[in-house]
Each structure stands twice: as structure tokens, then as C-alpha cells.
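Below is one structure; the comments refer to it alone.
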Amino acid sequence: MASISNREYYTPLRVPRSDGRGYDVNNLELLWREDERTNPVDQNGEQPSRWKASLGAHLRYQLGTGEDASPYILQEFPSGYELRIQPKKDKVQAYLYGHPKDVRARYRTPAEFVPHLLWLISNSTDRNDCSCQFCVDMAGREVQAEARTGRVAFASPSKDGQRLLSGSPRQQPQQHPSASLGQPRPRPATSPLHPGMTGRFNVFRIGEMVWYKHAAWRLGVVLKFAPKASNPNPSQGEEDYQFLLAPLGHSLIAQEINQQNLVKEASSMRPFLTFSVPDITVPELATRRWFTDVDWPKFLSPYTQDPDAARRVRKLEIIGLEASKMAARQINGSFSAFNQLPGTPVTTVPNAHMTTGYGGVYLGAEMIQLGDPIRIAAGDTPGEASPTVMIVQEIVISGSHPGVHDSLLFRGNIYQLHLATTPPQIAAAANPAELCPACLEEVAFRNSLIGGGGTTGAPEPSSSRWVWSPLERDAVRGEADVQGRFYVTHKLMRVIDPARAAAALQQRTIEDAQAYLNYRMHSGTSNYCGWRPGRAATLGAAVRTMLVLPEGIVEGEGS
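Using the UniProt record's numbering, you'd call the opening residue of the sequence shown number 1 and step up by one each time.
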């Protein structure tokens with residue numbers, strides 16, 4: 001790689017517009033403790049140059065330039081923005097100051113500043129169009145107040161955003177192989193409720209890729225959620241919320257046809273693994289392995305130049321549908337970790353070197369955190385149809401080259417759900433104290449139906465109990481062995497098929513929701529992509545609105 005000092009290697013980018021307020025030392029000294037003050041840094045030095053090169057790389061990726069284009073570098077920070085350093089106990093941290101929200105507003109990484117930079121180089125002067133954390137805070141204060149009084153915090157979709165793109169997904173569950181084991185360790189406490197969730201073990205989480213119903217099923221990404229207007233004081237049930245979704249496709253197409261974000265209820269959404277991605281029908285795209293292999297500006301040029309406006313939009317909608325399929329396959333084959341744990345690298349995983357522990361990971365379409373139950377292959381265990389889960393105690397990336405198929409590892413206890421019909425079977429069940437709340441909620445729901453039909457419609461003996469039986473203590477599984485998140489049956493069924501769920505409840509039978517889910521990477525339509533530096537980088541140009549993760553999720557090194 002060329003040195004950053006070799007400016008001839010880069011294509012310089014200048015940002016003519018700025019909203020920077022500058023760094024006011026006097027105000028900061030009044031507001032901050034002395035030990036939190038920052039120091040100036042040579043704006044032409046190595047650290048600012050690395051930031052500018054990183055911002056250029058992000059812009060190059062977001063703008064979808066061809067692979068042959070030279071790297072971008074920001075010529076200067078926008079006027080009024082200044083990189084400063086803050087000495088820490090064990091390191092010196094650089095922050096970018098200048099956002100007008102607050103004198104203490106600071107971007108911790110180049111990736112955090114990218115959404116604001118994209119807004120600055122756009123034609124928009126509406127801060128609602130910027131998805132950086134500080135603009136969202138500024139624009140969202142009034143919106144949040146409206147949400148508390150019962151008005152939904154999202155704009156209504158435009159007519160262009162309502163257009164139907166044809167193609168219906170098909171349900172196609174697959175099979176999966178088994179894997180290895182580890183050594184006993186105590187179970188950590190379950191992670192607290194995260195701001196990216198409506199409930200700790202509900203179905204949809206911020207940043208996840210989902211299907212949504214518009215007329216046909218389409219693909220999108222969850223950007224945020226808010227209480228319904230009819231219920232400003234929601235419970236933890238997803239039926240009390242509305243979700244803001246960014247349609248999947250390509251940002252250039254979305255801009256050309258003015259495709260807007262959409263507001264959907266949980267009943268009109270499905271987890272990504274509910275359906276399989278249809279085949280790509282455009283020959284020029286079907287031969288490409290990756291979404292990012294396509295030179296999209298060049299490929300779209302003939303379509304965007306069509307003088308017939310109606311025909312132009314119609315063709316671009318079709319290409320947008322194909323782009324969403326390509327993006328979904330690449331996203332499903334990718335992962336990015338967040339919330340690096342203090343004290344890592346760690347060495348608890350056998351045969352792993354230079355391992356780093358994390359609090360969570362976006363694995364394909366889904367967000368997984370410590371304490372979550374995940375579906376794994378049951379192997380040769382009898383009763384393979386019963387859910388087999390690992391309660392995640394540890395998430396690590398091993399090796400010096402993340403992205404290798406075996407570099408992402410999960411550690412935890414493995415359990416299988418089954419109906420115990422004898423006292424010895426019940427006695428051998430896992431201690432409830434070692435189970436996560438989702439697993440406890442699952443058996444509590446199932447046991448509430450015993451005596452009225454069980455799973456087959458025939459009354460079960462009153463002595464029967466649904467239990468989780470331990471299969472392996474402190475097992476280790478690789479990325480390829482993880483089939484996806486485990487969803488609590490009645491919560492997922494209320495989303496997938498509310499009428500069927502209500503009928504099953506009335507008949508006191510159990511409709512196993514896990515049977516409605518595919519296994520990640522086993523539908524034959526996803527190529528393995530591996531590690532990505534963050535969720536926004538994983539999504540890339542597939543969405544028009546750049547994803548901003550909620551407070552509490554920190555990506556990148558040192559997170």
C-alpha cells in the first residue's frame with residue numbers, strides 16, 4: 001500500500017460546504033473537567049492524514065466507484081472541524097470536533113463522521129437528511145417529544161417509495177453439519193436490554209436485514225423504531241412499535257427514482273432467514289460474484305439516460321430489485337463485530353491465537369450479543385427436529401487475518417429442547433439458573449399449554465414438562481456451525497402468521513416457529529465474504545441512508 005505522505009497516489013476531495021462551529025477553547029474550559037481537556041495536533045501530521053485517507057476510502061466505497069479508480073483522500077477537513085487529541089492513561093485518542101450541536105460533540109472515528117460528510121457533499125440543507133448521531137439528536141428532539149405524545153417519529157413514505165418491485169421470496173429450509181467442543185467455564189450474566197432492541201429477545205433489532213411486505217416481499221434494513229401513535233407508552237411487545245426501514249438495492253438507483261425509507265409494523269416484516277433470496281434474472285449481473293464487483297455508475301448509465309421518464313423508472317426499479325438480491329447475498333455472507341471487550345486479546349478458545357473478544361456481532365442478517373441463544377447444528381443427536389441452541393458466553397475473532405471462514409468463534413453451553421415425560425428426564429433437565437431469559441420464556445410458554453393438546457393435539461400427561469437438556473458444557477463452534485438467532489416461538493409466530501398463532505393458542509397446540517427459518521449460508525444463494533470493519537461498511541451502497549448504530553454499540557479497534 002502506498003504511503004499516505006505520497007499524495008500523488010490519491011485523488012484529493014474537497015468539501016466546499018461546512019456547518020462547523022470551530023473548537024472553542026474557552027467554552028470547553030468552562031464546561032469540562034481539567035483532566036478532559038484536549039490538545040491541538042498538527043493538522044498536516046500523520047494522524048490527521050490517516051483520518052483524511054480513511055474518510056476518502058469510505059466515500060469511495062459509498063459512492064460506488066469502479067475498482068480501477070485511485071484511492072480518495074480528503075484534501076482538508078470541512079471548515080470549522082478540527083482534529084484534537086486527548087491523552088488517556090494508556091494511549092492518546094484523537095477526536096474530530098466542530099459539530100454545531102454542542103461544544104463537546106466529537107466524532108470518535110472516521111466512520112462516525114462519514115454520514116455527516118456525505119450530507120455535506122449532497123445538495124440537502126435539511127438536517128433531517130443527515131444520519132450522523134449529532135444531527136439525529138438535533139433533528140430528533142422535537143420528533144421524540146412528538147413520539148411521547150403519541151405521534152409517530154417517522155416521515156411518511158412518498159409515492160415513489162411505495163412502488164412495487166416484483167419478485168416474491170420462497171421459503172426453503174436447509175440442513176446443516178455439526179462441529180467441535182471445549183472446556184467448562186461459568187456462564188456470564190446476560191447482557192442488559194440494548195437501545196437497538198424493542199425487547200431483549202424480540203424479533204427485530206436495529207441494523208438487521210429483513211423482509212417487508214409492500215405488495216410483494218422486498219428486502220430492507222432496520223434503521224430505527226418508535227412507539228405507535230396509538231400507544232405512546234409501549235410494553236416490550238413489538239406489536240406496539242413501528243419500524244423505519246431502508247429499502248435494499250443501490251443508493252444511485254434510490255436517488256434516481258426518489259426511493260424513500262418506509263415505515264412498517266412488525267406484522268408486515270419477517271426475519272431474513274424466513275425466506276430464500278430468489279435467483280438473479282439479469283444476465284449481466286448473474287455472472288458477478290459480489291454486489292461490489294459491479295461498476296454500478298457505468299452499469300446504470302444507459303438506464304439513467306433513457307429520455308422516457310416512465311420507462312426509465314420502471315427499468316431502474318427492476319435493476320434495483322436485482323441489486324437488492326446481490327446485496328442480500330453479500331451481506332448474509334459477511335460479519336462485523338462490535339463492543340470489543342476490555343482486557344482482550346484472550347486465550348480461552350483452544351488452538352486460537354491473537355483472539356479478540358467482543359460483546360456482539362452482526363452475523364449475516366442478524367445481530368447477536370453475549371447472552372443470546374443461537375441455533376446450531378444438532379449433529380447426530382436424536383430428535384434433531386427439536387431446537388438445539390448455544391447460549392453465547394464468548395464471541396472471539398481469532399488469527400491475524402480476520403475473514404477466514406474459521407476466524408469467528410462462539411463459546412457457550414449447548415442445550416436441546418424436548419418434552420420430558422418421566423421424572424428422571426425432568427430431573428436431568430438444565431438448572432433454570434443457567435438458562436437465558438429467552439430459553440426460560442420458551443419453556444414457560446410451552447408448559448402453559450400442557451394438558452390441552454401439547455404439540456400434536458393429543459393431551460399430554462400433566463406430569464410432562466418441556467425442558468432444556470444440556471448436551472455440551474462450554475462448547476466451541478465456528479461461524480459455519482451457526483444457523484442463526486433463536487427466536488421465542490410465540491413471539492416469532494405472532495409475526496410470521498398471527499392467525500395461525502392465535503388458532504394454535506386457542507387449541508393449546510404448539511406451532512414450532514423454528515421450522516419456518518432457513519439456516520444461514522445454507523440456501524445455496526450466498527457467497528462467503530467474511531469480516532467487514534462495521535455494519536455500515538457491510539451495507540455500503542446497498543442503502544441510500546447510511547446506518548447509524550445507537551449509543552452503546554461501538555465498532556472498530558479499541559471498541
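A virtual CB, placed ideally from N, CA and C, is assigned to each residue, including glycine.
Residue i vs residue j beta-carbon contact at 8 Å
{"i": "residue 18", "j": "residue 79", "result": "yes"}
{"i": "residue 208", "j": "residue 367", "result": "yes"}
{"i": "residue 374", "j": "residue 392", "result": "yes"}
{"i": "residue 41", "j": "residue 84", "result": "yes"}
{"i": "residue 408", "j": "residue 361", "result": "yes"}
{"i": "residue 464", "j": "residue 450", "result": "yes"}
{"i": "residue 15", "j": "residue 117", "result": "yes"}
{"i": "residue 203", "j": "residue 516", "result": "no"}
{"i": "residue 267", "j": "residue 498", "result": "yes"}
{"i": "residue 503", "j": "residue 201", "result": "no"}
{"i": "residue 253", "j": "residue 320", "result": "yes"}
{"i": "residue 138", "j": "residue 332", "result": "no"}
{"i": "residue 20", "j": "residue 107", "result": "no"}
Reduced DSSP secondary structure (H/G/I, E/B, other) of residue i
{"i": "residue 14", "result": "coil"}
{"i": "residue 56", "result": "helix"}
{"i": "residue 39", "result": "strand"}
{"i": "residue 79", "result": "coil"}
{"i": "residue 547", "result": "coil"}
{"i": "residue 209", "result": "strand"}
{"i": "residue 306", "result": "coil"}
{"i": "residue 224", "result": "strand"}
{"i": "residue 430", "result": "coil"}
{"i": "residue 553", "result": "coil"}
{"i": "residue 260", "result": "coil"}
{"i": "residue 275", "result": "coil"}
{"i": "residue 253", "result": "helix"}
{"i": "residue 128", "result": "helix"}
{"i": "residue 45", "result": "coil"}
{"i": "residue 87", "result": "strand"}
{"i": "residue 201", "result": "coil"}
{"i": "residue 389", "result": "strand"}
{"i": "residue 517", "result": "coil"}
{"i": "residue 495", "result": "helix"}
{"i": "residue 398", "result": "coil"}
{"i": "residue 265", "result": "strand"}
{"i": "residue 295", "result": "coil"}
Other residues of its chain near residue i: CB distance less than 6 Å, five sequence neighbours each side excluded
{"i": "residue 445", "result": "490"}
{"i": "residue 543", "result": "221 and 246"}
{"i": "residue 173", "result": "Summary for residue 173: the model assigns pLDDT 36, below 50, so the residue's position carries little reliability; its value from the coordinates is reported in the next sentence. Answer for residue 173: 518, listed in chain order."}
{"i": "residue 60", "result": "72"}
{"i": "residue 561", "result": "Outside the shown range of the chain, which is 1 to 559, sits residue 561, and nothing can be said about it."}
Where the beta strand (DSSP E) through residue i begins and ends
{"i": "residue 413", "result": "408-420"}
{"i": "residue 247", "result": "241-247"}
{"i": "residue 561", "result": "With the chain represented from 1 up to 559, any question about residue 561 goes unanswered, as that position is not in the structure."}
{"i": "residue 533", "result": "Neither: residue 533 is in no beta strand (DSSP E) and is coded neither H nor E."}
{"i": "residue 92", "result": "92-97"}
{"i": "residue 357", "result": "356-363"}
{"i": "residue 375", "result": "373-376"}
{"i": "residue 482", "result": "482-485"}
{"i": "residue 369", "result": "366-369"}
{"i": "residue 561", "result": "The first residue shown for the chain is 1 and the last is 559, placing residue 561 beyond what the model contains."}
Beta-carbon proximity list for residue i, same chain, < 7 Å, skipping 5 on both sides
{"i": "residue 224", "result": "206 and 244"}
{"i": "residue 56", "result": "10, 13, 71, 72, 73 and 74"}
{"i": "residue 219", "result": "209, 211, 248, 324 and 328"}
{"i": "residue 280", "result": "286, 322, 325 and 326"}
{"i": "residue 492", "result": "203 and 513"}
{"i": "residue 110", "result": "51, 54, 55 and 58"}
Extent of the continuous alpha helix (DSSP H) run through residue i
{"i": "residue 501", "result": "498-506"}
{"i": "residue 318", "result": "309-332"}
{"i": "residue 426", "result": "423-427"}
{"i": "residue 443", "result": "437-448"}
{"i": "residue 118", "result": "110-120"}
{"i": "residue 284", "result": "283-286"}
Whole-Å CB distance - residue i paired with residue j, under 8 Å assumed
{"i": "residue 511", "j": "residue 500", "result": "6 Å"}
{"i": "residue 372", "j": "residue 485", "result": "7 Å"}
{"i": "residue 475", "j": "residue 530", "result": "About 23 Å; that fails the 8 Å criterion."}
{"i": "residue 262", "j": "residue 365", "result": "That pair is no contact at about 18 Å."}
{"i": "residue 292", "j": "residue 330", "result": "7 Å"}
{"i": "residue 134", "j": "residue 101", "result": "4 Å"}
{"i": "residue 466", "j": "residue 435", "result": "With 8 Å as the limit, residue 466 and residue 435 do not qualify as a contact, their Cβ atoms being about 12 Å apart."}
{"i": "residue 546", "j": "residue 536", "result": "6 Å"}
{"i": "residue 388", "j": "residue 426", "result": "Between residue 426 and residue 388 the Cβ distance is about 19 Å, and since that is not below 8 Å, they are no contact."}
{"i": "residue 296", "j": "residue 250", "result": "6 Å"}
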